[in-house]
Structures are given as C-alpha cells and as structure tokens.
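What follows is one structure encoded as structure tokens, with my remarks underneath.
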Amino acid sequence: MAVLDILHFPDPRLRNKAKPVKRVNDRIRQLADDMLETMYLAKGIGLAAVQVNVLKRVVVIDLSPNATQPRVLINPVYTVVSDKIVGADEGCLSVPGFYEPVSRFERIQVEFLDRQGNQQVLEADGLLGACIQHECDHLDGILFVDHVSNLKRQFIRRKLVKRQRTRAE
Ligand code: NI
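In this note's numbering, the protein residues as written are 792 to 960.
Pasting the structure below:
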C-alpha cells in the first residue's frame with residue numbers, strides 16, 4: 792500500500808471530472824487500498840480519487856471510530872429518496888481546517904460496484920448519506936465550499952493560499 796498526496800483547494804486539478812471505471816481489476820483495488828490508507832492517515836472519513844489526482848470514479852468511506860468499516864464505491868450514482876433538505880457541518884481533506892454547514896438531501900439511494908465488481912444498492916441518510924453526496928460531488932469536480940457563500944469561499948481560499956505559500960517558503 793502507498794500513501795498518496797492529497798490535493799488542496801484551490802488546486803485547479805480538484806475541478807477535473809472523473810471517468811467511469813470500465814473493469815474492476817487489481818489496479819482499481821490497489822487504488823482503493825491506497826486511498827483508504829491515505830484517508831486513515833489523514834484522519835478523514837471519505838476520499839474521492841480526484842482528490843489524489845486520479846480521474847476515476849472511485850470513492851472510499853469509513854465512518855467507524857476505529858477504521859474497521861472501509862467502504863469502496865466504484866462508479867457511484869445516487870438518486871434522491873427524500874427530497875427533504877438537512878444541514879450539517881462538513882469538512883474535507885482537500886480543505887483542511889475548515890468546517891461549514893452544507894445542505895444535503897436527507898435520504899438517498901446509491902448504486903455502485905464494490906471492490907469485487909459486484910453491483911450494490913444502498914440506502915443512506917444522516918452522516919453516511921451526506922458523505923456519499925459530498926464524495927460524488929468530488930467526482931464531478933465540485934467541492935463543499937461551492938455550497939457555501941461566495942464570501943466564505945473566498946475567505947477560505949485566501950487562508951489556504953496563504954498557508955500553502957508559508958509552507959513552501
Ligand atoms: Ni471532500
């Protein structure tokens with residue numbers, strides 16, 4: 792396994808769109824394993840391949856407190872089950888240190904391929920539902936900061952650019 796570099800906002804590569812995985816093979820499984828290791832090290836609960844500059848529709852999620860329930864979602868597509876909107880604070884490994892309330896659909900159904908390439912269907916709400924919507928956004932080049940006000944997004948952008956500049960010196 793290998794730890795991958797996570798891109799940070801406002802890196803333009805986070806705006807790339809990922810392509811569907813044609814075949815779930817060992818390379819894809821390796822990517823998913825590397826993404827999980829990267830996510831665990833960074834203490835995150837979700838990571839999309841676009842965040843490690845790989846343009847494939849692969850997402851990993853683990854909401855358990857002790858990193859024991861890894862989920863791999865390949866080519867995830869969700870539909871809205873309840874169009875009620877709920878809001879909760881979100882963060883992102885690509886936007887380190889910032890948490891802002893984001894509105895999401897309360898309940899979704901997601902279809903995806905698992906790491907064996909089998910078709911799966913899952914209904915999700917709460918944290919898992921929001922996390923899946925957040926990660927699916929990444930696969931289309933969308934970040935949670937796109938769901939907050941322009942003012943707030945510009946504030947976060949300025950802070951992160953400044954921090955990246957300081958670190959590069
Ligand atoms: Ni994220």
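All residues carry an ideal CB built from backbone N, CA and C; glycine is no exception.
- Considering only P801, I797, I865 and H799, the residue with the shortest C-alpha distance to L904 is I865.
- Going by beta carbons, V841 and A809 fall inside the 7 Å limit.
- Nearest in C-alpha terms to Y890, of all of Y831, A793 and V939, is V939.
- V936 is not a Cβ neighbour of I923, given a cutoff of 7 Å.
- Here Q911 has F903 and D905 as same chain residues with Cβ atoms under 6 Å from its own Cβ, once five neighbours each way along the sequence are excluded.
- Excluding five sequence positions before and after L942, none of the CB atoms of its chain fall closer than 8 Å to its own CB.
- In the DSSP secondary-structure assignment, L913 is bridged to V901.
- In the same chain as G920, and ignoring 5 residues on each side of it, the C-beta atoms closer than 8 Å to its own belong to R895, F896, E897, R898 and I899, in chain order.
- For the pair L934 and V849, the Cα-to-Cα distance works out to about 16 Å.
- Note that the C-beta distance between F800 and L951 is below 7 Å.
- E828 is not bridged by DSSP to any residue.
- Residue burial is scored here from C-beta neighbours: G837 has at least 16 other C-beta atoms within 10 angstroms and is therefore classed as buried.
- Under the three-state reduction of DSSP, E926 is assigned to helix.
- Within the model, the alpha-carbon separation for Q955 versus D802 is close to 11 Å.
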